[in-house]
Amino acid sequence: MTGGEQASYTLRDIAVRFGGEVIGDPQTRVTQVASLENATPDAVAFLANERYLQQLRMTRAGAVILGSALRDETPLPRIVCDNPYAYFARVSALLNPPRAPVPGAHASAVVDGSAALEADVEIGALAVVGRNATIGAGSIVGPGCIIGDEAVLGRAVRLYPNVTIYHGCRVGDRTIVHAGAVIGADGFGIAMSDERWVKIPQIGRVVIGVDVEIGANTTIDRGAIDDTIIEDGVKLDNQIQVGHNVRIGAHTAIAACVGIAGSSRVGRYCRIGGASGIAGHLSIADHVEISAHTLITKSIDRPGTYTGAYPFDANSDWRRNAAQLRHLGELADRVRVLEKKLAAKERSQS
Amino acid sequence: MTGGEQASYTLRDIAVRFGGEVIGDPQTRVTQVASLENATPDAVAFLANERYLQQLRMTRAGAVILGSALRDETPLPRIVCDNPYAYFARVSALLNPPRAPVPGAHASAVVDGSAALEADVEIGALAVVGRNATIGAGSIVGPGCIIGDEAVLGRAVRLYPNVTIYHGCRVGDRTIVHAGAVIGADGFGIAMSDERWVKIPQIGRVVIGVDVEIGANTTIDRGAIDDTIIEDGVKLDNQIQVGHNVRIGAHTAIAACVGIAGSSRVGRYCRIGGASGIAGHLSIADHVEISAHTLITKSIDRPGTYTGAYPFDANSDWRRNAAQLRHLGELADRVRVLEKKLAAKERSQS
Amino acid sequence: MTGGEQASYTLRDIAVRFGGEVIGDPQTRVTQVASLENATPDAVAFLANERYLQQLRMTRAGAVILGSALRDETPLPRIVCDNPYAYFARVSALLNPPRAPVPGAHASAVVDGSAALEADVEIGALAVVGRNATIGAGSIVGPGCIIGDEAVLGRAVRLYPNVTIYHGCRVGDRTIVHAGAVIGADGFGIAMSDERWVKIPQIGRVVIGVDVEIGANTTIDRGAIDDTIIEDGVKLDNQIQVGHNVRIGAHTAIAACVGIAGSSRVGRYCRIGGASGIAGHLSIADHVEISAHTLITKSIDRPGTYTGAYPFDANSDWRRNAAQLRHLGELADRVRVLEKKLAAKERSQS
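Sequence lines, in order, name chains A, B and C.
Position in the first sequence counted from 1, then plus 2, gives you my numbering.
Position in the second sequence counted from 1, then plus 2, gives you my numbering.
Position in the third sequence counted from 1, then plus 2, gives you my numbering.
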């Protein structure tokens, strides 16, 4: 949301930037993206999936982005391309650029005199920037954010409101952090001694790469001794918990509500479904997909999709089946007995 | 908590307002609700479940609310009614009214000059109200809340501290939002292209109906293109994640830690148990109940209760059974073989 | 992170404080703890697990803490002790003491005139302290925290930024609360009446003992009528949800993302794995361990380990097995039929 007037582009403008083939009037001008269902004539919609063909027929969009297999499914002005979803993402980004920072610190912000702010940094109302913190050019620190002492934000970082960055943590260029996220709280390090828990000071940091996005109320704990590391291009949805000394490989995308326990390493280009979990001290290879609601309890050393969700059912069916689940070992034993008896019988009759 | 002196009512006063039959002295006066276990003589307790009959016998409460089946189980002054739990809720609300707003913005709050505040709005200390935001009469914005530009709050809205409402989102009349909730962060919209994730700008809003309650640290993402919608009377507990473009039907209640993935629709009057999940792009009918820890992976088109939690067990038993679970397909095959062999035997012997 | 110069100790100093046997030069001086892998010669590392023996051989640490079974596995100066992990925790705490409060309220904080602050209390920038709140000596309230009216913090409490403590809640001495935690939001108390939810005012408090630690974005709801209670020495990781009227017994440790539903009681010295859940109104004995991703649906009255996670598998294997899971009751019936048939056959042949 820019607050300014909306830019507009012709299909030709767009194809010059992003490629693809224009079919129909290349002067068709669009000012916004829209869903097929709710588009108005000044908008461009997209179709990435055949199941929405019916909506394509009904749409009032002024233009459509779609793949070559569907190129003839509409008479509307259109751009045909290889990856309509990614193409659409680029068009939307063109029409909805992130707003530029309003340089300077709001009068109500509390910025320590020792903090180093590069050019064109915006510090929102009632934000706090700690001692010796560093903020790179063009970054926006939202209202109510707390940036700890010695923290380092790169350039063009965007923090939405009420983000907390603990002391000493680092956030790379162009990284976006949504409201309520907490970067660098103490990891869960405790040792039992004489029937009391002794706290282990958490002296590592969180180090976040460039082009990362971190969702609302996600928490990433600082390392116990060494650092917790989020590599470049990682995308984390909301309410994810990343334990201390975890390393998440570049370009991995993790859906909401996932928990990753301490010291586990997740590879590059992984995709992890919502509310999954990874136990501590494991290693997950690159290009692994983990389904939703799956708990990973052993390291995974090869790409592939891994799943461990209980299939849901009508409660009465679930009840009957789940009751048997508690006797599954016994059932297997009974089948083994049957097999033996039958084999014995067959031998005795042969 | 009103901070003022506590009101008091006689049982007669209460029955005049809310119905029910008074048994015993109607002039019995109560100033507070209490549990049977900890009640004092100036308090009214309630009994909705026979399993607490023993506590009823021991209670020091001055009066009791209970159902007609249990009307003679106590000699205490009492109100007999159809739905003692709901009746109790009303009595408690009578004795514990929400506090009235203290009109005006705290001196430390940062309210943009373009924001439109109706009468009797309270803006707490160190809250921020953005450009062109609108806040309806009688609303309370708690300390530390951040209300984005162009956001619209209805009348008698109550935001507890440190709530973040992103730009353009709408909250209906009498809706309550608890601390740390984030309304309108970007949905998780990314497209893979050339081995990089491209962010899809999230240009929809969150639109929340009237009489909704949203728990602490719950997150509701803004729509990718169209809006995310929470209908009237929806009750969301803490730490719930609602993805972009979800629609939750009126009067649905969702327990803590549930995740609902993007574009799913939940019906009206549904009840969803804690830590359950609903995958994306599904449709759940009205009056569906989902048990705790259940992942819904297909649309549900009829009312009923649906379950998918793994039954817990002592670890050694679980271990034995879970090991077999990995061979269940094979076990089923072996049973099929046995059935065939036995059938063949029976045929050969007949 | 103290910001001051780093203290240093000889191995002899350390053994005098914490016991253990020094082998090698007792004048070896260390200034920090480190992992075996990344230690420098001024650091002391530890080894609690044989699987890191290889790292022990390679380490550049100046000294090592380890158990007696491994006492001869390194030529480095070392301290041999019974519980190297706990010993290490104590050494790390010695080398990394929590920072002392900087007494006084930051000029930007909003502290109500009726609040009672004991000596040496630090109130961070842009924090809010409500009416009649009480804060014990030596406590630190981080920037952006909101302390509600009538709340009571004990001595040497440490609140990290953006914590919300609702009105009337109590936090015991030396308790640590991490950023974004919400203590005392309303429990999820609603009653259905005439097809509408009626809210039940939540008039209890949250009462937290001494030496508790509460993770980032964890939420603990206030009691409906009586209080929610967290006993002494409880350790809660991030993003945990504790429902109203729960009681958690002393010295219990709970990993991240766990949810505990209303009115359940968890015993003392329990250990609960990540993303587990406990249904409402249950009672869990002392010394119970619950595995990760386990839903507890019945009370547990004896110590032991309880598990209920679905074992994950390659998706194709999971698919085959999970499909059978839906027919498990039927499969058990079929095995029973086979057993009967075979038994009948045996009888007829005998």
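From the three backbone atoms N, C-alpha and C, an ideal C-beta is built for every residue, glycine too.
In this text the structure is predicted, and so the values were computed from the model without any measurement.
Within the same chain, and ignoring the five residues on either side of residue 343 of chain A in sequence, no residue has its Cβ closer than 7 Å to its Cβ. Contact between residue 247 of chain C and residue 223 of chain A does not hold, since their C-beta atoms are separated by about 29 Å, which reaches or exceeds 8 Å.
DSSP, reduced to helix, strand and coil, places residue 179 of chain B within a strand of the structure shown.
Closer than 7 Å at the C-beta level to chain A, one finds these residues of the region 120–148 of chain C: 127, 128, 145 and 146. Here residue 131 of chain A is actually not in contact with residue 144 of chain A; their C-beta atoms are around 12 Å apart, not less than 8 Å.
Across the structure, residue 291 of chain B and residue 305 of chain B are spaced so that their CA atoms are roughly 7 Å apart. Secondary structure at residue 10 of chain A: coil, using DSSP grouped into helix, strand and coil. By the neighbour-count criterion, in which a residue is buried when 16 or more other Cβ atoms sit within 10 angstroms of its Cβ, residue 201 of chain B is buried.
In the three-state reduction of the DSSP assignment, residue 73 of chain B falls in the coil class, being assigned neither a helical nor a strand state. By the Cβ neighbour-count rule, residue 51 of chain A is exposed, with fewer than 16 other Cβ atoms within 10 Å of its own. Scanning its chain for C-beta atoms nearer than 8 Å, with the 5 sequence neighbours on each side dropped, one finds around residue 282 of chain C the residues 245, 263, 264, 265 and 266, in chain order. With fewer than 16 other Cβ atoms inside 10 Å of its own Cβ, residue 59 of chain A counts as exposed.
For residue 194 of chain A, the closest of C/251, C/88, C/72 and C/106 by C-alpha to C-alpha distance is C/88.
Listed in chain order, the beta strand (DSSP E) runs fully inside the region 51–102 of chain A are 65–69 and 80–83, counting runs of at least 3 residues. Restricting attention to B/189, B/255, B/228 and B/286, the CA atom closest to the CA of residue 213 of chain B is found in B/255. Here residue 35 of chain B really is in contact with residue 227 of chain C; their C-beta atoms are around 6 Å apart, less than 8 Å. Contact check between the region 145–156 of chain B and the region 172–189 of chain B: three or more CB pairs, one atom from each, fall below 8 Å, which counts as touching.
Short of 8 Å from the beta carbon of residue 134 of chain C, and not among the five residues preceding or following it, lie these beta carbons of its own chain, in chain order: 114, 116, 117, 118, 151 and 152.
For residue 327 of chain A, the C-beta contacts it makes with chain B under 8 Å involve 312, 313, 323 and 327, in order along the chain. A check of alpha carbon separations from residue 141 of chain C across C/49, C/103 and C/332 identifies C/103 as the nearest. Only residues of its own chain outside the window of five on either side were considered, and among them 233, 236, 267, 268, 269, 270, 271, 272 and 288 have a CB closer than 8 Å to the CB of residue 251 of chain A, listed in chain order. The Cβ of residue 243 of chain C sits closer than 8 Å to at least one Cβ of chain B. Nearest Cα to residue 97 of chain C within the set C/147, C/90 and C/9: C/9. Proximity of residue 201 of chain B to chain A, defined by a Cβ-Cβ separation below 8 Å, is satisfied. Residue 237 of chain C reaches chain A at 192 and 199, counting residues in chain order whose Cβ is nearer than 7 Å. Close partners of residue 306 of chain A in chain C (Cβ separation under 8 Å): 316 and 317. Residue contact check for residue 228 of chain A against chain C: a CB pair falls below 8 Å.
Collapsing the DSSP output to three states places residue 190 of chain A in coil.
In this chain, the alpha helix (DSSP H) harbouring residue 340 of chain C covers 330–351.
With a cutoff of 8 Å on beta-carbon distance, residue 78 of chain B and residue 26 of chain B are scored as near each other. In the three-state DSSP reduction, residue 37 of chain A falls in the coil class, being neither helix nor strand. Of all alpha-carbon atoms in B/14, B/49 and B/84, the one lying nearest the alpha-carbon of residue 32 of chain B is that of B/14. Proximity of chain B to residue 333 of chain C at the Cβ level (cut-off 7 Å) is accounted for by 334 and 337, in chain order. Inclusion of residue 337 of chain C and residue 336 of chain A in the CB contact set at 8 Å is warranted, their separation being smaller than that value. In this structure residue 317 of chain C does not touch residue 331 of chain B by the C-beta definition: roughly 13 Å separates them, more than the 8 Å allowed.
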